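This report concerns only the one structure given below.
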Amino acid sequence: MSGFFKSSIGRKYAMALSAFFLMFFLLQHFAINILSVFSPDAFNEASHFMGTFWAVQYVLQPILIFGVIYHFVMGFILEARNRSARVKKYAKNNGAANSSWMSRNMIYSGLCILAFLVLHFIDFWFPEINTKYIQGDMSGLLGNGEGFRYYQELAHKFESPLRVGAYVIAFVFLSLHLMHGFSSAFQSAGASSMRKEKLQLFGKAYAIIIPLGFIFIALFHHFNHH
Amino acid sequence: MSVLDSKVPKGPLETKWTDYKNHIDLVNPANKRNIDIIVVGTGLAGGSAAATLAELGYNVKTFCYQDSPRRAHSIAAQGGINAAKNYQGDGDSTYRLFYDTVKGGDYRSREANVYRLAEVSANIIDQCVAQGVPFAREYGGLLDNRSFGGVLVSRTFYAKGQTGQQLLLGAYSAMNRQIARGKITPYNRHEMLDVVKVDGKARGIIARNLVTGEIERHSAHAVVIASGGYGNVYFLSTNAMGSNVTASWKIHKKGAFFANPCYTQIHPTCIPRSGDYQSKLTLMSESLRNDGRIWVPKNLDDVKAIREGKKKPTDLSEDERDYYLERRYPAFGNLVPRDVASRAAKERCDAGYGVNATGEAVYLDFAAAIERYGKEQAKIHGINNASAEKIYELGAAIVKAKYGNLFQMYEKIVDQDPYKTPMMIYPAVHYTMGGVWVDYNLMTTIPGCYAIGEANFSDHGANRLGASALMQGLADGYFVLPYTIGDYLSNDIRTGKIPTDTPEFDAAEKEVTDRINFFISNKGEHSVDYYHKKLGKIMWDKCGMSRNAEGLKTAINEISELRKDFWKNVNVPGTTTEYNEQLAKAGRVADFLELGELFAKDALVREESAGGHFREEHQTEEGEAKRLTEFQFVSAWEYKGEPKDAVLHKEDLVYENIEVKERSYK
Amino acid sequence: MNLTLKIWRQSDANDKGKMVDYKVTEISEHMSFLEMMDVLNEQLINKGEEPVAFDHDCREGICGMCSMFINGEAHGPDRGVTTCQLHMRMFNDGDTITIEPFRAKAFPVIKDLVVDRGAFDRIQHAGGYISVNTSGNTQDANATLISKHAADEAMDAATCIGCGACVASCKNASAMLFVGAKVSQYALLPQGQVEAVDRVKNMVAQMDLEGFGNCTNTGACEVECPKGISLENIARMNREFLSANVKG
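As structure tokens, this is what we get:
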């Protein structure tokens, strides 16, 4: 297998594998977040479990971080190589005639998602790490000790219309990214069934429903607090 | 005795080739490493020969003008490849394939060569399958066959409508294997511009790098010409734009005799010319004539109205149409042989009945077939009193299943729907049976210089059967030349590398350079195409589907005049040291201008009609070709300067294993 | 019809090159695109200018020699055709048509619209064959049964004419459709199994070495391919490549 990940196809496999992992993570993230709409308690329970269970924190979280970084770095490396494969550009290139906008602009939708992730980390992840590992408060309780803090923090974040706006835009780009990325990952992994209509449809549904769900959650909390 | 020695081995026909192979000299593997061979042209013949020779251990250099060996024009063959496998159990055999080929060639080919061709045909299929050529298969997993014109058995193997491309890719893959091993050095975008003789033997070539314009010397112990046919002498043909006679003509000028140049096959079902700008003609498979009816209007008024767009062909009633093939040949109707169908179309168009703007097109009508199939289907599906629309719909579906891809191709080119309006067709040049004279070993009259595939003359006589060109190319390259060339090269094991810094190479290179420099510095007033088109028109009008003495004499004069004018007034832009397509073309057209005259001269001398060569003076009362026993010979022309001075040598054709009969389709 | 042509002119590989405008008049809608180019060239020659160099040969859509990028698409706006089969009826009187060479680092321009596609040949030298001697002493052609389905699928892959439209259309100048088709043809047939591992590894390695980009599954190649080669061939190559690497 030596050299596999240096080859063009090997890198595509790696890209696809990290994508599978991220898509699975997204699903799980969504499943927990949507609880916040129906039951703040269930959301708190789930968040606390994820935030404190060792396997999640010390095994899955590092893998996730690695997966995210890998997906981005490899995305940039491949983009750079792909750009260098055509030094002189066409004076006129009618890409719309043969491919979707999404497929041609994965790097831009990806960059938007990256920008969002920065925001997201500042919003949630850094404070979490700070609370848990720097201040050493693993209780997950509010400052006054009255119940879990997770739901409150979530609801608080979505008060700002600017932040909600940024989230909505980011999720639109996530949707565009997934619109091509979902089936593309399967194609890269060599799945022949991915070109069948039903699976294509499933990919599209995933690409629309999940980001739309996140948007819904953000808007729900935003409007429920006013 | 004639100066021509065919070197056909003695003995019974069936064992000639085997006995011969058992007795010829071989080169031992260690010595093969010291022997170089040049192969010019990388189609089925050249590609397969190069691969096999390299595999045997020789050092091979291949030359092609295309950017890759895989693009040679063998790629365009659609129908299939014949082989006497008798997989269908319908009585096929080596003898039957041999018999069909000799008869189809109107008894003008060499018996022993054709038998050998039939004999090795079966091996070709084995070889190609082993190489991964995806031939069509039946549901049981066995190879599928189809039948082709002029024979009574199903012996044609095919790969969709792309048999030529698949076989060529097979040969090319065999080449790739040798290129990877370093045994073949490919020179793509290179054109051979002369052969170099040392002590009377072919010892190398002068080639031009078409990208840089550089003139290169390449030496070898033998030179193989596999550069295809010369159909482009007509300007318009189904050949590729770059197909040319230059390699064959250069060796002819250095001593290789040129045989039967007048034998040309003109295919009846091609898409007609649409205007003067036309650069190329496209063939439609002859299978269309199984269901299509060919006609022109009976009245010239209708012809005029159609040409002016005032009437549509579908407006004409049955009794306003002239189904001329059915009228003239009631027994065979639309299924007469290629040459007859072509000549009949020309006769009608010459009389003014051509149905398109250029006056050179006849209709091929599927309306009757659609209706017939439609009614049949209605009956099968139990539909009583089916409406005309329903019958059309059912019938069109059957026609689509049979000919869908051809109809689609026609629609792309002509922009008319052949399901609704009759197709227009007209004959076009597509294969030349004539070529460089070779003996049984496929060696030309220059020692050490070989010609294989369409470039030689040997196997198809005066007319080639469908699906036989691919067979001959691969037979020559894979299975014949690699043996026979060893017999010659066995004398060269001590020769050592042929040096290129010799007076012979100097002289040949100078000749080539002078000519190129002339073209660039001439600054005349007409483009190369201007002359090519003029030559094509003379050839088509006077040396085309039917020929007569007067026309041929005129043609000889006209071509000779045109050639003089060409050398005075041709205009070639650009420089010699760059990619310059006009310069390459100029050299090719210069050679066509000489070949064309020899062609006409050959046609004039052959005072008979045979296969693709139809002399109006020599026809039966019914207008059929009249072959004459006294012309049962190969015309091999020796170059003596101007084409008019060429000297005719005759190789008598002896048929010991086949009875010479009249070809009859009554 | 009358047209304005914007054509890439570049005298040789080292020249910088530029777009040049030309006018052609009285173009018939029945002409093929290359016949229109012939008219332009005849015009240029008669004016004493250098004609536009472009690759072409069979002019019936099978040799794969012609290669123009017309109005932003390989082989122009029509589907399932090569440039030689593209007809002028696809354009309108007064149109401006942009004509460029196939662009990719691996396809350097030789002159004007002529590019060097030798990279494709080199990929095939690396493994595009079955190592069987051409002696004719192989087994009988019918000795191994091959299902019609596999034969037909192999044929679909084998119809590739190697024109390079896939590379030209791909935003990454990736050659995966071409290589995928070549790998697939052999992968689908029993004859190709023996060397399957080395073949796909070597061909992919050569493809990477030539400087083609990577596949991002935009599907542009499949749409522009004149022979309709399917993306499935790329997926199959990926599978073959993975299994070859697992096997070692």
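Chains as they are written, first to last, in the working numbering: chain A, 243 to 468; chain B, 2 to 667; chain C, 8 to 255. Glycine included, each C-beta is placed from N, C-alpha and C at the ideal position. Model, not experiment: these values are computed from the prediction.
List the residues of chain B whose Cβ lies closer than 7 Å to the Cβ of residue i, in chain order.
i: A165(C); result: P135, Q167 and L170
On the DSSP bridge list, what partners appear for residue i?
i: G352(A); result: Per DSSP, none; premise fails for G352(A).
i: W296(B); result: Y364(B)
i: S636(B); result: K651(B)
i: F259(B); result: V437(B) and W638(B)
i: A379(B); result: According to DSSP, A379(B) bridges with nothing at all.
i: K13(C); result: D28(C) and T105(C)
i: P187(B); result: T63(B)
i: M424(B); result: L365(B)
i: D493(B); result: Answer is none; D493(B) lacks a bridge partner.
The beta strand (DSSP E) that contains residue i, what's its start and end?
i: H1(B); result: With chain B covering 2 to 667 only, the question about residue 1(B) has no answer from this structure.
i: A203(C); result: Per DSSP, A203(C) belongs to no beta strand (DSSP E); it is in the alpha helix (DSSP H), A203 to L216.
i: A452(B); result: C450 to A452
i: L466(B); result: Where L466(B) is concerned, there is no enclosing beta strand (DSSP E), given that its DSSP letter is neither H nor E.
i: E107(C); result: T103 to P108
i: G205(B); result: K202 to N210
i: Y29(C); result: K25 to V31
Along chain C, in chain order, which residues have C-beta atoms closer than 7 Å to that of residue i?
i: Y140(B); result: K155
i: F246(A); result: N252
i: A160(B); result: M162
Which chain A residues sit within Cβ distance under 7 Å of residue i?
i: K178(C); result: G337 and R346
i: F248(C); result: I251
i: R124(C); result: In chain order: nothing, as chain A lies at least about 15 Å away.
i: M26(C); result: A333
Can you give me the start and stop residues for the alpha helix (DSSP H) that residue i sits inside?
i: P483(B); result: L482 to L490
i: M183(C); result: M183 to A194
i: M257(A); result: S250 to F280
i: A342(B); result: R339 to R349
i: F458(A); result: E439 to N466
Give the residues of chain C in contact with residue i, contact being defined as C-beta atoms less than 8 Å apart.
i: L143(B); result: N149 and L152
i: K399(A); result: Those within 8 Å of K399(A) in chain C number zero; the least Cβ separation is about 34 Å.
Can you pull the chain B neighbours of residue i, defined as C-beta to C-beta under 8 Å?
i: D45(C); result: Y278, S280 and D530
Counting only Cβ pairs nearer than 8 Å, list the residues of chain A close to residue i.
i: A111(C); result: A327 and R328
i: D215(C); result: S249 and S250
List the residues of chain B that residue i touches, going by C-beta distances under 9 Å, in chain order.
i: Q146(C); result: D127, V130 and A131
i: L41(C); result: M242, S280 and K281
i: N256(C); result: No statement about residue 256(C) is possible, as the shown extent of chain C runs from 8 to 255 and does not include it.
Run through chain C and tell me which residues come within less than 9 Å of residue i, C-beta to C-beta.
i: L320(A); result: N179, G220, N221 and T223
i: A431(A); result: A242, N245, R246 and L249
How would you list, in chain order, the residues of chain E whose beta-carbon sits under 7 Å from the beta-carbon of residue i?
i: N124(B); result: The structure shown has no chain E; the protein chains it does contain are A, B and C.
- Query: Looking at C-beta atoms only, is the number of pairs between the segment 164-181 of chain B and the segment 126-141 of chain C that lie closer than 8 Å three or more?
  - Reply: Touching, yes.
- Message: Tell me which residues of the segment 218-240 of chain C have at least one Cβ-Cβ distance to chain A shorter than 9 Å, keeping chain order.
- Response: From the segment 218-240 of chain C, only G218, F219, G220, N221, C222, T223, N224, T225, G226, A227, C228, E229, V230, E231, S237, L238 and E239 have a Cβ closer than 9 Å to chain A.
- Closer than 7 Å, Cβ to any Cβ of chain B: which residues of the segment 63-87 of chain C, in chain order? Result list: H63, D64, C65, R66, E67, I69, C70, G71 and M72.
- Within 7 Å of chain A by C-beta, residues of the segment 90-106 of chain C in sequence order: Within the segment 90-106 of chain C, the residues whose Cβ lies closer than 7 Å to some Cβ of chain A are T105, listed in chain order.
- Item | the segment 331-351 of chain A touching the segment 287-299 of chain A, judged by at least three CB pairs closer than 8 Å | The segment 331-351 of chain A vs the segment 287-299 of chain A: no contact.
- Message: Output needed in chain order: residues of the segment 52-72 of chain B with a Cβ under 7 Å from some Cβ in chain C.
- Response: Taking 7 Å as the Cβ-Cβ cut-off against chain C, the residues of the segment 52-72 of chain B that qualify are A52, T53, E56, Q67, D68, S69, R71 and R72.
- Item | Validate contact between the segment 270-286 of chain B and the segment 93-113 of chain C using beta carbons, cut 8 Å, 3 pairs | Not touching, per the Cβ criterion.
- Any residues in the segment 186-211 of chain C with a beta carbon nearer than 7 Å to a beta carbon of chain B? Which ones, in chain order? The residues in question are Q192, Y193, L196, Q198 and G199.
- Going along the segment 480-507 of chain B in order, which residues come within less than 9 Å of chain C, judged by CB to CB distance? Among the residues of the segment 480-507 of chain B, those with a Cβ less than 9 Å away from any Cβ of chain C are F480 and P483, in the order of the chain.
- Task: Would you check if the segment 275-295 of chain B and the segment 16-23 of chain C touch, i.e. whether three or more CB-CB distances between them fall below 8 Å?
- Result: No, because fewer than three Cβ pairs between the segment 16-23 of chain C and the segment 275-295 of chain B fall closer than 8 Å, the two stretches do not touch.
- Query: Taking a cut of 7 Å between CB atoms, which residues from the segment 565-586 of chain B lie near chain C?
  - Reply: Cβ contacts with chain C come from N572, P574, G575, E579, Y580, E582 and Q583.
- Under 7 Å (Cβ pairs) to chain C, residues found in the segment 611-629 of chain B: None of the residues of the segment 611-629 of chain B has a beta carbon lying less than 7 Å from any beta carbon of chain C.
- Message: Contact between the segment 42-55 of chain B and the segment 471-491 of chain B is defined here as three or more beta-carbon pairs at a separation below 8 Å; is this criterion met?
- Response: Counting Cβ pairs under 8 Å, three or more are found: they touch.
- Query: Going along the segment 204-216 of chain B in order, which residues come within less than 8 Å of chain C, judged by CB to CB distance?
  - Reply: Within the segment 204-216 of chain B, V212 place their CB atoms closer than 8 Å to a CB of chain C, listed in sequence order.
- Compile a chain-ordered list of the residues in the segment 254-273 of chain A whose CB is closer than 7 Å to at least one CB of chain C. Under the 7 Å Cβ criterion, the segment 254-273 of chain A contributes K254 and Y255.
- Is there contact between the segment 349-358 of chain B and the segment 368-381 of chain B, where contact requires at least three CB pairs shorter than 8 Å? No, the segment 349-358 of chain B is not in contact with the segment 368-381 of chain B.
- Query: Quick check: the segment 103-121 of chain B against the segment 198-208 of chain C, are there 3 or more CB pairs under 8 Å?
  - Reply: Short answer: they don't touch.
- Task: Scan the segment 169-192 of chain B for residues whose Cβ lies nearer than 7 Å to a Cβ of chain C and list them as they occur along the chain.
- Result: Contacts with chain C (Cβ-Cβ distance below 7 Å) from the segment 169-192 of chain B involve L170, S174, A175, N177, R178, I180 and A181, listed in chain order.
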